[in-house]
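What follows is a single structure, written as structure tokens, with notes after it.
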Amino acid sequence: MKLRKSLAYMATLLSVVALSFASGAQSVAAATKQANLPLAYNNKKAAKKGGTLKIGYVSDSAFKGIFNDGLSDDANDSTFAQFGDMPLFKTDDNYKFVKGGAADISFDQNAKTATITINPKVKWSDGQPLVAKDIVYSYEIIANKDSGSSRYTDSLKNIEGMEEYHEGKADSISGLEIKDDHTLVIHFKEMKPGMTTSGSGYIWEVASPYHYLKDVPFKDLQSSDKIRKAPLYYGPYMIKKIVQGESIEWVPNPYYFGKKPKFDKITIETVSPSSASAALKSKKYDILWQLPSSVYGKNKKVNGYVYTGKQELAYNYLAFKVGKFDNETSKNVMDKNAKMNNRSLRQAIAYAMNIQQVSDKFGYGLKTRATTLIPPAFGDYHDKSVKGYAYNLKKANNLLDKAGYKKGKDGYRTDPNGKKLTIYLAAMSGSADQEAIIKNYIQQWKKVGLRVKLVNGRLLDFNNFYDKVQNDVKGIDMFMGAWSLSSEPSPNDLYSEGAPYNMSRFVSKENNTLLANIDSAKSFNTKYRIKQFYKWQEYMNKEAYVVPMQYYYDATPVAKNIKGYTNQVSKGYYLWENVSFSK
Numbered sequence: 018m019k020l021r022k023s024l025a026y027m028a029t030l031l032s033v034v035a036l037s038f039a040s041g042a043q044s045v046a047a048a049t050k051q052a053n054l055p056l057a058y059n060n061k062k063a064a065k066k067g068g069t070l071k072i073g074y075v076s077d078s079a080f081k082g083i084f085n086d087g088l089s090d091d092a093n094d095s096t097f098a099q100f101g102d103m104p105l106f107k108t109d110d111n112y113k114f115v116k117g118g119a120a121d122i123s124f125d126q127n128a129k130t131a132t133i134t135i136n137p138k139v140k141w142s143d144g145q146p147l148v149a150k151d152i153v154y155s156y157e158i159i160a161n162k163d164s165g166s167s168r169y170t171d172s173l174k175n176i177e178g179m180e181e182y183h184e185g186k187a188d189s190i191s192g193l194e195i196k197d198d199h200t201l202v203i204h205f206k207e208m209k210p211g212m213t214t215s216g217s218g219y220i221w222e223v224a225s226p227y228h229y230l231k232d233v234p235f236k237d238l239q240s241s242d243k244i245r246k247a248p249l250y251y252g253p254y255m256i257k258k259i260v261q262g263e264s265i266e267w268v269p270n271p272y273y274f275g276k277k278p279k280f281d282k283i284t285i286e287t288v289s290p291s292s293a294s295a296a297l298k299s300k301k302y303d304i305l306w307q308l309p310s311s312v313y314g315k316n317k318k319v320n321g322y323v324y325t326g327k328q329e330l331a332y333n334y335l336a337f338k339v340g341k342f343d344n345e346t347s348k349n350v351m352d353k354n355a356k357m358n359n360r361s362l363r364q365a366i367a368y369a370m371n372i373q374q375v376s377d378k379f380g381y382g383l384k385t386r387a388t389t390l391i392p393p394a395f396g397d398y399h400d401k402s403v404k405g406y407a408y409n410l411k412k413a414n415n416l417l418d419k420a421g422y423k424k425g426k427d428g429y430r431t432d433p434n435g436k437k438l439t440i441y442l443a444a445m446s447g448s449a450d451q452e453a454i455i456k457n458y459i460q461q462w463k464k465v466g467l468r469v470k471l472v473n474g475r476l477l478d479f480n481n482f483y484d485k486v487q488n489d490v491k492g493i494d495m496f497m498g499a500w501s502l503s504s505e506p507s508p509n510d511l512y513s514e515g516a517p518y519n520m521s522r523f524v525s526k527e528n529n530t531l532l533a534n535i536d537s538a539k540s541f542n543t544k545y546r547i548k549q550f551y552k553w554q555e556y557m558n559k560e561a562y563v564v565p566m567q568y569y570y571d572a573t574p575v576a577k578n579i580k581g582y583t584n585q586v587s588k589g590y591y592l593w594e595n596v597s598f599s600k
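Quick note, our numbering runs 17 ahead of the 1-based positions in the sequence shown.
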């Protein structure tokens with residue numbers, strides 16, 4: 018899984034969901050209809066070759082430019098890299114692995130193995146072949162402590178020898194067996210129910226060019242020019258020029274194993290949210306990604322464009338800091354004395370938020386209040402009976418009164434020990450509406466007597482926000498983030514004891530048990546697994562360490578002379594070899 022840090026993850030590891038396809042498809046279809054946006058743009062005109070495709074990506078932050086999936090942490094880098102950065106495996110519309118990608122994967126449940134077979138035609142953009150060692154090396158990047166990767170999780174520990182390598186007790190990962198240059202066998206401790214679906218976290222679905230990077234020490238990889246300025250890919254396009262943090266120019270990869278891509282060039286650059294509306298009206302770009310809902314709401318019909326859309330497999334959330342991540346043990350460690358480690362306080366904060374009102378006013382038909390940490394796009398795995406925290410000031414006040422948070426003459430509450438209570442919130446800057454939205458919530462909390470202030474006295478840009486939150490910088494009591502989810506619904510890699518992305522740092526025996534049950538051998542029985550998902554959603558709702566805020570839909574303007582653009586999952590793998598201008 019990846020943080021949002023993430024969606025725009027194209028056909029890579031972040032996408033929408035796959036569960037039983039019937040219910041999942043109905044959910045996505047209903048959402049798309051509600052937003053009145055088609056999944057694809059069906060341009061029936063003939064395709065033409067050549068031209069420069071211009072793409073704008075709306076963001077108030079520069080992209081970091083860490084072009085390796087095992088080292089990068091956010092969607093910005095993945096979005097900018099998607100024209101060359103293909104995953105290993107192709108999937109169907111259920112996100113189930115199918116044959117026909119850069120590599121194929123098959124499973125043997127009795128032997129507890131997965132076998133990866135590489136297409137011998139696949140080559141890196143320097144002409145060197147993709148080999149099994151490149152896949153093994155990707156696991157080593159994640160598991161080697163010197164690399165600084167945030168991708169090492171409890172899920173990957175299920176591979177034989179992974180923990181020993183991570184702890185420096187072994188020079189290689191024993192469970193990764195190279196049979197030959199084109200065949201890799203992965204040995205697992207246990208087989209898991211989500212393994213045949215992309216995004217489970219038990220299988221790393223990309224490769225890294227070992228021949229190109231092997232001379233760079235793990236500790237230097239993130240800062241290396243080979244990662245930052247001249248990365249290799251085996252997708253349809255290769256990088257010609259990078260303006261760090263601003264733009265990338267892509268040209269066709271002469272060694273690409275698929276069909277020859279149509280464009281002479283693709284350029285993608287960041288666009289500030291304040292400039293997005295003007296860029297749309299002036300037709301500066303052929304495609305504009307991450308369009309703020311406010312811009313969509315005020316520009317639903319723009320000459321020369323059509324909108325495509327889909328329900329995002331994503332949600333934004335409010336989380337409470339109650340601990341830190343211990344890099345030595347690779348575990349989250351909870352502080353029982355943390356300011357926010359009071360359930361009544363957390364619940365009261367959630368009840369005081371008028372999320373649906375905010376969604377109605379600023380969502381422009383694209384957002385709605387979230388109720389659980391498993392979005393409806395996951396179909397049967399989403400528990401409809403969990404109602405979440407609907408706006409209720411009376412409940413919020415009662416919870417605080419009973420928990421001993423007393424109001425003073427100034428209208429603000431003290432903590433149960435009678436000390437002044439100030440809660441510091443970290444929130445990201447973004448669209449033109451963001452500042453008004455955050456001010457609204459601070460006023461709502463004031464209505465129940467809670468003094469809330471912004472960290473650093475202002476909204477933080479994307480990179481600064483996640484740098485502080487991920488590194489457990491002191492002075493953050495709660496934060497508003499967002500997740501783009503993988504296509505397998507298990508929440509283990511976001512909320513387990515060993516998950517670096519469990520950024521609230523909440524840990525409990527019950528949570529550990531519930532998460533283990535979701536991915537246990539018993540959960541090969543779908544009915545049992547659904548029941549465990551329901552138990553986990555109810556438990557997380559009750560504890561309120563992470564409160565989901567909104568589910569939302571994507572709206573992407575596409576120029577009418579574009580052909581082949583679609584959000585359909587099964588067509589996403591080879592998307593960029595097929596998109597072109599029309600005659």
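Where a beta carbon is used, it is the ideal one built from N, C-alpha and C, also for glycine.
Whether residue i touches residue j by CB criterion (8 Å)
i, j, result
"K150", "Y229", "no"
"S155", "W221", "yes"
"F379", "A444", "no"
"E505", "S217", "yes"
"Y429", "K470", "no"
"A367", "V564", "yes"
"A224", "I122", "no"
"D489", "F395", "no"
"F523", "M370", "no"
"L5", "G326", "It is not possible to answer for residue 5, since the shown part of the chain is limited to 18 through 600."
Pairwise C-alpha distance: residue j and residue i
i, j, result
"G185", "E157", "11 Å"
"T130", "G192", "9 Å"
"M255", "F114", "25 Å"
"S264", "N529", "42 Å"
"F80", "K600", "34 Å"
"P392", "A331", "7 Å"
"N509", "Y518", "10 Å"
"G68", "F598", "8 Å"
"K298", "P574", "11 Å"
"L56", "N111", "15 Å"
"F479", "D90", "12 Å"
"Y591", "T583", "11 Å"
"K246", "E514", "35 Å"
"A128", "A296", "55 Å"
"Y551", "N578", "46 Å"
"Y512", "Q126", "27 Å"
"K62", "A98", "28 Å"
"D188", "N349", "26 Å"
"S503", "K580", "27 Å"
"S40", "D400", "For S40, the predicted structure reports a pLDDT of 27, less than 50, and the residue's modelled location is therefore unreliable. A value from the coordinates is still provided. About 13 Å."
"S76", "E452", "15 Å"
"I459", "K423", "19 Å"
"K588", "G252", "15 Å"
"K174", "A533", "13 Å"
"I535", "S507", "7 Å"
"K491", "P137", "50 Å"
"E266", "K66", "18 Å"
"D432", "Y562", "18 Å"
"G498", "A336", "8 Å"
Distance between beta carbons of residue j and residue i, contact taken as under 8 Å
i, j, result
"Y219", "K209", "5 Å"
"A120", "F106", "6 Å"
"Y272", "D102", "Not confirmed; about 15 Å, so no contact."
"T389", "V403", "5 Å"
"I311", "S448", "First, the amino acid is wrong: residue 311 is Ser here, not Ile. Contact holds; Cβ gap of about 5 Å."
"S347", "Y182", "At roughly 13 Å, the Cβ-Cβ gap does not stay under 8 Å, so S347 and Y182 are not in contact."
"I159", "G211", "About 18 Å; that fails the 8 Å criterion."
"K658", "A355", "There is simply no residue 658 to check, as the chain begins at 18 and stops at 600 in what is shown."
"H199", "T134", "6 Å"
Residue i Cβ short of 7 Å to the ligand ADP heavy atom set
i, result
"E157", "Only the bare structure without any ligand can be found here, which leaves the ligand ADP out of the picture."
Is the stretch 547-566 touching the stretch 287-294, taking contact as three or more C-beta pairs under 8 Å?
-> no
Would you call the stretch 484-504 and the stretch 305-315 touching, i.e. three or more CB-CB distances under 8 Å?
-> no
Check whether the stretch 294-302 touches the stretch 260-280, taking contact to mean three or more Cβ pairs, one atom from each stretch, closer than 8 Å.
-> no
Is the stretch 562-576 in contact with the stretch 369-388, if contact means three or more CB pairs nearer than 8 Å?
-> yes
Could you give the uninterrupted runs of the beta strand (DSSP E) lying entirely in the stretch 332-397, keeping only those of 3 residues or more?
-> 340-343, 348-351 and 384-386
Specify whether the stretch 409-419 and the stretch 324-342 touch according to this definition: at least 3 beta carbon pairs, one from each stretch, less than 8 Å apart.
-> no
Run through the stretch 203-279 for me and flag every whole beta strand (DSSP E) of 3 or more residues, listed as ranges in chain order.
-> 254-260 and 264-269
Which ranges does the alpha helix (DSSP H) cover as unbroken runs of at least 4 residues, wholly within the stretch 296-327, from first to last along the chain?
-> 310-315
What residue ranges within the stretch 494-555 form continuous alpha helix (DSSP H) runs of no fewer than 4 residues, ordered along the chain?
-> 509-512 and 526-535
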